[in-house]
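So the sequences go chain by chain: A and B.
This note's numbering runs 4 ahead of the 1-based position in the first sequence.
This note's numbering runs 49 ahead of the 1-based position in the second sequence.
Note sheet for the following structure.
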Amino acid sequence: MRTLEKKHPLAIRWFHWVNFPVLLLMLWSGLLIYWANAVYRLGLGGSTLFQFFPEAFFEALGIPYRLAEGMSLHFFFMWFFAINGLLYVVYTLLSGEWRYLVPNRHSFREAIQVALHDLGVSHVEPAPRKYNGAQQIAYTTVILMGSGSLLTGIAIYKPVQFAWLTQLLGGYEWARWEHFWLAVGYVLFLVVHVVQVARTGWNNFRGMVTGYEIVTVGIDPRLELPNSDAPAEGTTS
Amino acid sequence: MSTNRDLDVEREMHRKSRRSFLMLGISATAGFAGWTWLTTRPEVGGLPYPLRRALELNEKLAERYFKEARLAPTFPREMAREPRVNGAEGLPSAFDPLAWRLHVLGRGEPRQLTLEDIKRLPRVEMTTELKCIEGWSVIVNWAGSRLSDFAAEYHSGTGDGTPPDVRHRPRDLGRYVGLETPDGGYYVAMDMPSALHPQTLLCYEMNGEPLSIEHGAPLRLITTVKYGIKSIKRIGRITFTDERPPDFWAERGYDWYAGH
Chain A
5 MRTLEKKHPL AIRWFHWVNF PVLLLMLWSG LLIYWANAVY RLGLGGSTLF QFFPEAFFEA
65 LGIPYRLAEG MSLHFFFMWF FAINGLLYVV YTLLSGEWRY LVPNRHSFRE AIQVALHDLG
125 VSHVEPAPRK YNGAQQIAYT TVILMGSGSL LTGIAIYKPV QFAWLTQLLG GYEWARWEHF
185 WLAVGYVLFL VVHVVQVART GWNNFRGMVT GYEIVTVGID PRLELPNSDA PAEGTTS
Chain B
50 MSTNRDLDVE REMHRKSRRS FLMLGISATA GFAGWTWLTT RPEVGGLPYP LRRALELNEK
110 LAERYFKEAR LAPTFPREMA REPRVNGAEG LPSAFDPLAW RLHVLGRGEP RQLTLEDIKR
170 LPRVEMTTEL KCIEGWSVIV NWAGSRLSDF AAEYHSGTGD GTPPDVRHRP RDLGRYVGLE
230 TPDGGYYVAM DMPSALHPQT LLCYEMNGEP LSIEHGAPLR LITTVKYGIK SIKRIGRITF
290 TDERPPDFWA ERGYDWYAGH
């Protein structure tokens with residue numbers, strides 16, 4: 005039979021859906037800033053595999069010559085990004101939600117199984133749990149990346165007042181480099197996340213909006229007795 | 050039996066979904082309306098005013114946190130490189146360095162100084178990063194006089210006859226310093242604590258050579274506590290004032306404070 009199961013607390017749903025547009029705006033304004041000194045690339049020595057980014061990419065998105073606008077947006081939405089993220093971390097710690105999220109000693113092996121399964125290599129289904137090992141690693145990593153973005157961001161925003169931090173991160177130039185690659189990391193996370201959510205289906209996605217999922221549970225023989233049709237309300241706590 | 054129960058579950062889920070998705074829709078609409086509002090407000094200095102206001106709030110926080118004792122890192126002299134020449138605002142081609150005078154304005158009598166007057170102040174050399182607002186940086190060796198030494202020596206007075214005490218009462222000179230090129234084509238504003246920072250120099254040498262014309266001869270500003278846009282070349286006028294001086298790039302969408 006099927007039953008409603010509480011999955012995501014209201015607070016976490018709010019943090020998630022506030023973060024989504026704020027992160028997009030931080031990435032967008034970051035691009036407007038990055039264009040003014042678009043020097044990073046993938047490559048070895050003198051050979052470049054991929055330049056971040058091709059001129060056509062900037063042109064197509066209308067990015068050139070918007071540095072001032074980018075900075076003003078970045079230094080506005082950074083507060084929303086930081087405060088929302090901090091509240092999320094505090095909430096998960098106080099509510100105990102962190103127990104589902106932080107990887108344990110089995111997570112890594114499970115993550116490999118999940119990856120093999122999702123890539124179609126293996127047919128071993130991941131254990132039906134709130135977050136499997138791969139999710140635990142991904143969601144915890146992205147929070148660490150968030151703190152990384154805040155720290156590297158502060159290091160390039162106020163490199164003299166926070167000179168100790170900038171030095172700790174390898175200096176002004178390195179801090180900017182780190183800040184950039186963390187942003188690339190979010191884009192990769194976002195792509196995988198959206199693909200996985202699409203594959204997992206509507207019930208799971210709806211869970212992030214309503215907080216509830218419909219789950220099929222094993223048939224309890226007591227419920228098969230006649231006159232046991234208690235209202236659904238009573239079983240969905 | 051269990052099918053009835055499943056139906057109830059479906060109905061309950063439907064009810065919850067309607068409520069939650071409605072909330073999501075309302076929030077998304079509100080967010081989008083907020084964004085539209087934010088980006089269509091009348092502009093102040095090239096930015097919608099709420100974004101300008103946000104920069105000013107960031108500035109207040111940064112000013113409160115600022116400490117003169119915090120220094121930018123310095124580097125070995127041999128790491129110094131030639132910085133690229135970026136921007137020629139206020140630097141028309143016709144300029145006679147020999148006829149140049151530095152005009153100092155403030156609450157008292159205006160003054161006119163020569164390069165010799167500046168060189169008479171203690172010479173300070175530093176090898177620091179020049180950090181461009183575009184995102185690049187370069188290590189350069191600079192030599193010149195501290196703006197704080199200059200202010201203590203060549204201020205134009207406090208206006209009430211008493212001498213200013215730059216060391217202990219920097220506000221004696223006013224809250225801001227404005228600097229302009231001789232033709233007024235480029236101008237920058239500095240808050241007084243940043244102006245009096247020990248790594249804010251009036252420079253006349255770069256990498257061991259007298260400043261070249263394209264790098265701001267005969268005298269330019271170099272400060273480690275601001276983006277490079279504040280390090281004005283070819284200073285013609287220095288004004289100590291209580292009025293927030295205009296700033297070339299702050300009129301074009303950039304942060305007035307632009308502080309590090």
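For each residue, glycine too, the CB sits at the ideal point set by N, CA and C.
- Segment contact: the segment 226 to 234 of chain B against the segment 162 to 175 of chain B, fewer than three CB-CB distances shorter than 8 Å; contact not assigned.
- Bounds of any alpha helix (DSSP H) do not take in residue 161 (chain B); it lies within the beta strand (DSSP E) bounded by 160 to 162.
- Around the Cβ of residue 34 (chain A), a 10 Å sphere holds 16 or more other Cβ atoms; the residue is buried.
- Taken through DSSP and simplified to helix, strand or coil, residue 60 (chain B) comes out as helix.
- In the structure shown, the three-state DSSP call for residue 97 (chain B) is strand.
- Here the C-alpha atom of residue 127 (chain A) lies approximately 35 Å from the C-alpha atom of residue 15 (chain A).
- Rounded to whole angstroms, the separation of the alpha carbons of residue 26 (chain A) and residue 82 (chain A) is 8 Å.
- Apart from the 5 residues on each side of it in sequence, residue 95 (chain A) sits with its Cβ closer than 6 Å to the Cβ of 15 in its chain, given in chain order.
- When 7 Å is used as the limit between beta carbons, residue 92 (chain B) is near no residue of chain A, the shortest such separation being about 11 Å.
- Chain-order list of chain A residues neighbouring residue 62 (chain B): 8, 216, 218, by C-beta distance under 7 Å.
- For the alpha helix (DSSP H) assignment, the uninterrupted runs of no fewer than 4 residues enclosed by the segment 80 to 159 of chain A are, from N- to C-terminal side, 102 to 105, 111 to 122.
- In this structure, DSSP gives residue 183 (chain A) a helical state, which the three-state scheme calls helix.
- For residue 186 (chain B), the enclosing beta strand (DSSP E) starts and ends at 186 to 195.
- When the Cα atoms are used, residue 69 (chain A) and residue 300 (chain B) turn out to be separated by approximately 16 Å.
- As computed with DSSP, residue 236 (chain B) is found in a beta bridge with B:229.
- DSSP places residue 308 (chain B) in the strand class (E or B) of the three-state scheme.
- Counted as a single uninterrupted DSSP element, the stretch harbouring residue 171 (chain A) is not any beta strand (DSSP E) but the alpha helix (DSSP H) occupying residues 167 to 172.
- Around the beta carbon of residue 30 (chain A), 16 or more other beta carbons lie within 10 angstroms, which makes this residue buried.
- For residue 98 (chain B), no CB of chain A lies under 8 Å from its own CB, so it is not counted at the interface with that chain.
- Looking at the backbone, the Cα of residue 201 (chain B) and that of residue 247 (chain B) are separated by about 13 Å.
- In terms of Cβ geometry, residue 226 (chain B) and residue 177 (chain B) do not form a close pair [threshold 8 Å].
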